[in-house]
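Note that the working numbering gives residue 42 to position 8 of the sequence shown, counting from 1, and the numbers run on in steps of one. Note that the Cβ used here is the ideal one computed from N, Cα and C, for glycine as well. Just below is one structure, and these are the notes that go with it.
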Amino acid sequence: MGRLTSVVIGGLVSLGLCAGAQASTSVNEAYGQCKAEIKEKFGDATRVKLKGSKKYKGTLTVKVSVIPEGSERQRVLCRVTDDVLVLADKKGEPLS
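Below, the structure written as structure tokens:
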């Protein structure tokens, strides 16, 4: 009985680790997509730094700090839903 319990607990722990790895991968992928989109919009010399992320109701929001060359720092929100990426300012209004 003790062996069965340890096998079940080991399986649950490994499932938990896999779920955590998938969540971090999706944030990494979203950050990579956002960074590429920001560099395309503001130029390749733009510095981009991840400030945070959250997932709510299927929408992954990545908050980044953007410093375009020769300009001031600004916060940009990058929302990813079903592979659709939207860049917005810190108030949530889409960037044109």
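### Query
To the nearest angstrom, how far is it from the Cα of Phe76 to the Cα of Lys88?
24 angstroms
### Message
Applying the 10 Å Cβ sphere with the 16-neighbour rule, what's the burial state of Thr95?
### Response
buried
### Query
Near Arg81, which residues of its chain fall below 7 angstroms by C-beta distance, leaving aside the five closest residues on each side in sequence?
Ile101
### Message
For Lys124 and Val98, I'd like the C-alpha separation in whole angstroms.
### Response
10 angstroms
### Message
My output table needs one value for Ala122: the three-state DSSP class, helix, strand or coil.
### Response
strand
### Query
Can you give the Cα-Cα distance for Ser58 and Ser105, rounded to whole angstroms?
Unreliable positioning characterises Ser58 in this predicted model, as indicated by a pLDDT of 48, which lies under 50. The coordinate reading is nonetheless provided below. Approximately 31 angstroms, taken between the alpha carbons.
#### Entry: Identity of the residue in Thr93, Ser60, Cys112 and Lys83 nearest Glu71 by Cα
Cys112
### Task
Using only the heavy atoms of the ligand FAD, determine whether one of them is closer than 7 angstroms to the beta carbon of Pro128.
As far as ligands go, the structure on display features none, and thus does not contain the ligand FAD.
### Query
So, is Ala79 buried or exposed, given that buried needs 16 or more other C-beta atoms within 10 angstroms?
exposed
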